[in-house]
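Heads up: the sequence lines are chains W and U, in that order. Position one of the first sequence corresponds to residue 252 (our numbering), numbered consecutively onward. Position one of the second sequence corresponds to residue 159 (our numbering), numbered consecutively onward. Glycine residues also receive a C-beta, built at the ideal position from the N, C-alpha and C atoms. Heads up, the thing below is written out as structure tokens.
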Amino acid sequence: MLLELDNVSSFYGRTQILRNIDFGVKKGSCMCVLGRNGVGKTTLLRTVMGLVDKMTGTMTVSKADVTRARTDERAKYGLGYVPQGRQILGNFTVRENILLGTFAKTGRDGKVPDICLELFPYLAENLNRRAGELSGGQQQQLAISRALAVDPQILLLDEPTEGIQPNIVAEIGETLRMLNKKLGISMILSEQHIKVARDLGDQFVMMDNGRIVEAGGIADLSDEMVDRHMTV
Amino acid sequence: MDISSIAFANSLILGLSIASIFFVAALGLTVIYGTAGVINMAHGEFIMLGAYTVYALQAFAGIPYFLCIPVAFVVVGAIGFAIEKSLIRYLYDRPLDTLLATWGVSLVLIQGTRLIFGSEPKYVEIPQFLSSNIEIGGLSLGVFRIFIIVMALLLAAGVWFVFYKTDFGIKIRAVTQNREIAASFGINSGQVYSFTFALGAGLAGVAGALFGALNIVLPTMGMGYVVEAFLTVVTGGGALLGSAIASLAIGELQSIFALVTNSTFAQFLIFVLIVVFLRFRPQGLISASGKRR
Chain W
252 MLLELDNVSS FYGRTQILRN IDFGVKKGSC MCVLGRNGVG KTTLLRTVMG LVDKMTGTMT
312 VSKADVTRAR TDERAKYGLG YVPQGRQILG NFTVRENILL GTFAKTGRDG KVPDICLELF
372 PYLAENLNRR AGELSGGQQQ QLAISRALAV DPQILLLDEP TEGIQPNIVA EIGETLRMLN
432 KKLGISMILS EQHIKVARDL GDQFVMMDNG RIVEAGGIAD LSDEMVDRHM TV
Chain U
159 MDISSIAFAN SLILGLSIAS IFFVAALGLT VIYGTAGVIN MAHGEFIMLG AYTVYALQAF
219 AGIPYFLCIP VAFVVVGAIG FAIEKSLIRY LYDRPLDTLL ATWGVSLVLI QGTRLIFGSE
279 PKYVEIPQFL SSNIEIGGLS LGVFRIFIIV MALLLAAGVW FVFYKTDFGI KIRAVTQNRE
339 IAASFGINSG QVYSFTFALG AGLAGVAGAL FGALNIVLPT MGMGYVVEAF LTVVTGGGAL
399 LGSAIASLAI GELQSIFALV TNSTFAQFLI FVLIVVFLRF RPQGLISASG KRR
């Protein structure tokens with residue numbers, strides 16, 4: 252396993268959010284994290300990044316124990332994070348946002364990585380534009396680009412299609428497919444669009460109330476399961 | 159009231175000089191407050207330490223004044239770094255505690271300096287040419303005041319360069335805008351805060367090296383400058399450009415008010431104006447970050 256969580260629980264203050272999570276991502280695979288709003292999907296990704304107040308259990312990346320590692324140290328194990336709501340730095344230029352990602356990269360040369368420019372030509376043509384001026388879809392491209400600048404082993408994508416126009420959703424889905432299937436970048440994808448999850452995913456975990464309640468290959472994700480755990 | 163054009167021009171130049179002093183005094187505080195949100199009550203004492211560093215270097219090692227300025231930056235920066243590592247880092251996100259702790263630090267620094275150097279005033283020597291005056295068309299200004307204006311411009315350019323043209327600057331601005339996201343991309347915010355605090359303290363040290371030559375050097379000399387620094391930073395909003403505009407506005411207005419009234423009433427008017435301004439724009443002229451997380 253490239254990334255493994257063993258009996259992980261996590262907390263914000265004294266409030267426990269995740270309960271006894273066992274979870275693994277194989278090299279080159281895409282793991283979909285599914286469930287309704289508020290079941291703990293975002294907290295699961297934030298736990299992997301070390302962005303919760305407290306975590307118990309163990310976490311490894313490429314067999315290295317990172318349980319006690321700070322967020323900035325975890326990022327250097329090759330975790331490329333695309334947070335919910337994008338969280339690009341609005342006062343930064345496009346170039347500076349992408350360069351931010353390179354601080355987690357080993358062998359940093361201070362240049363915008365080629366892959367970021369090739370994948371998103373609009374960003375390449377607007378490197379000096381203020382990121383806050385970009386549209387939602389362009390900001391999502393920038394958030395993905397910033398995570399790619401880490402030269403990641405694993406991309407952690409927290410609802411990358413949330414609030415994006417339908418035509419851009421397909422475009423982003425296609426980009427993620429290419430990154431996963433052609434470049435072999437592993438992914439943890441938290442997603443509400445079940446079609447995107449089915450298109451991209453190899454495995455899935457279904458969450459409810461901070462626990463994993465179903466898990467398996469994406470082919471095992473039945474409509475009945477989706478209705479039971481994802482329909483409001 | 160008849161104010162001659164020469165008197166008015168003199169007043170504008172004096173205003174520029176006051177503005178440069180306000181700006182130099184506020185620069186370090188701007189860096190620390192704008193980045194980490196720390197209200198550093200010991201800022202005036204960092205300025206005082208800069209002045210004493212220059213005095214000590216001159217008195218005990220005979221080092222020339224111009225060489226003392228960068229040394230003051232390094233010495234006070236190192237002291238700031240040590241204080242951040244040993245105290246401030248435990249108090250982030252607790253503004254009241256930080257305020258009290260830095261006030262305590264300021265008292266320790268004043269008493270410590272008094273124990274080492276005594277209470278009697280010390281003097282910083284400057285090269286002869288800096289002590290002279292320049293007169294152009296009836297306008298008169300001390301060369302040392304021009305030197306402070308030049309230093310203010312150089313320091314502003316230096317800080318701008320660090321913030322906007324270096325990797326460290328990207329790190330500082332990223333941590334200021336969104337600490338979680340900065341950390342998620344490999345930036346150690348604790349380390350950034352330590353070095354930023356050291357940078358701010360070092361800039362205060364440079365301010366002290368300048369002000370020590372402008373006035374006498376005393377353990378309590380920082381108390382006056384810290385008021386000017388806070389006025390500038392709060393009015394400016396914590397951003398570099400905000401502090402530059404605020405110091406220019408305060409300096410020029412104070413000088414013009416002093417011309418038409420007197421210096422005491424001018425200061426009173428400035429304080430009133432700042433209070434009224436902050437009543438309607440509490441975030442200051444230019445906020446350092448939209449939302450510090």
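Residue i: first and last residue of the uninterrupted beta strand (DSSP E) it sits in
| i | result |
| --- | --- |
| Tyr332 of chain W | Leu330 to Val333 |
| Lys323 of chain U | No beta strand (DSSP E) contains Lys323 of chain U, which is instead part of the alpha helix (DSSP H) from Val301 to Lys323. |
| Met282 of chain W | Cys281 to Leu285 |
Rounded distance between the beta-carbons of residue j and residue i, thought under 8 Å
| i | j | result |
| --- | --- | --- |
| Tyr373 of chain W | Gln389 of chain W | 6 Å |
| Ile408 of chain U | Thr390 of chain U | 7 Å |
| Ala230 of chain U | Val212 of chain U | 6 Å |
| Thr495 of chain W | Ala400 of chain W | Chain W is shown from 252 up to 483; residue 495 of chain W falls before or after that span and cannot be answered. |
| Phe326 of chain U | Ile246 of chain U | No, Phe326 of chain U and Ile246 of chain U are not in contact; Cβ-Cβ is about 19 Å, not under 8 Å. |
| Leu489 of chain W | Leu340 of chain W | This structure cannot settle anything about residue 489 of chain W, because the visible part of chain W is limited to 252 through 483. |
| Val284 of chain W | Ile439 of chain W | 6 Å |
| Gly308 of chain W | Asp257 of chain W | 6 Å |
| Thr412 of chain W | Val420 of chain W | 4 Å |
| Gly468 of chain W | Asp453 of chain W | 7 Å |
| Val333 of chain W | Leu385 of chain W | 15 Å between Cβ atoms; not a contact. |
| Gly301 of chain W | Thr322 of chain W | 4 Å |
CB contact below 8 Å: residue i versus chain U
| i | result |
| --- | --- |
| Thr322 of chain W | yes |
| Gln391 of chain W | no |
| Arg462 of chain W | no |
| Pro334 of chain W | yes |
| Asn496 of chain W | Absent from the model: residue 496 of chain W. The displayed extent of chain W is 252 to 483, so no value can be given. |
| Ala326 of chain W | yes |
| Glu347 of chain W | yes |
| Gly286 of chain W | no |
| Val447 of chain W | no |
| Met310 of chain W | no |
| Leu351 of chain W | yes |
| Gly291 of chain W | no |
| Phe262 of chain W | no |
| Val401 of chain W | yes |
| Leu302 of chain W | yes |
| Ala355 of chain W | yes |
| Gly358 of chain W | no |
| Gly361 of chain W | yes |
| Gln404 of chain W | no |
Extent of the continuous alpha helix (DSSP H) to which residue i belongs
| i | result |
| --- | --- |
| Ser260 of chain W | Segment Leu254 to Tyr263 is the beta strand (DSSP E) holding Ser260 of chain W; no alpha helix (DSSP H) there. |
| Val276 of chain W | Unbroken run through Val276 of chain W is the beta strand (DSSP E), Thr266 to Val276; no alpha helix (DSSP H). |
| Glu278 of chain U | No alpha helix (DSSP H) holds Glu278 of chain U; DSSP gives it neither H nor E. |
| Asn418 of chain W | Pro417 to Arg428 |
| Gly235 of chain U | Tyr223 to Ser244 |
| Glu324 of chain W | Thr322 to Ala326 |
| Ile395 of chain W | Gly387 to Leu399 |
Residues bridged to residue i (per DSSP)
| i | result |
| --- | --- |
| Arg381 of chain W | W:Thr344 |
| Leu406 of chain W | W:Gly331 and W:Met438 |
| Arg501 of chain W | This structure cannot speak to residue 501 of chain W, because chain W is shown only from 252 to 483. |
| Asn291 of chain U | U:Gly300 |
| Val312 of chain W | W:Leu254 and W:Ala315 |
| Val392 of chain U | Beta-bridge pairing links Val392 of chain U to no other residue. |
| Ser445 of chain U | U:Gly396 |
| Gly468 of chain W | W:Gln454 |
| Met306 of chain W | W:Ser261 |
| Val375 of chain U | U:Lys280 |
Interface flag, residue i vs chain W, CB-CB below 8 Å
| i | result |
| --- | --- |
| Ala194 of chain U | no |
| Ala402 of chain U | no |
| Gly442 of chain U | no |
| Asp251 of chain U | no |
| Ser342 of chain U | yes |
| Glu338 of chain U | yes |
| Ile330 of chain U | no |
| Gln286 of chain U | no |
| Asn373 of chain U | no |
| Ser445 of chain U | no |
| Gln335 of chain U | yes |
| Tyr346 of chain U | According to the sequence shown, residue 346 of chain U is Asn rather than Tyr. At least one chain W Cβ lies under 8 Å of Asn346 of chain U. |
| Asp325 of chain U | yes |
With 16 other Cβ atoms within 10 Å as the buried cut-off, status of residue i
| i | result |
| --- | --- |
| Phe415 of chain U | buried |
| Thr482 of chain W | exposed |
| Phe336 of chain U | It should be pointed out that residue 336 of chain U corresponds to Asn in this sequence rather than to Phe. Classification for Asn336 of chain U: buried. |
| Tyr248 of chain U | exposed |
| Lys432 of chain W | exposed |
| Asn198 of chain U | buried |
| Thr266 of chain W | exposed |
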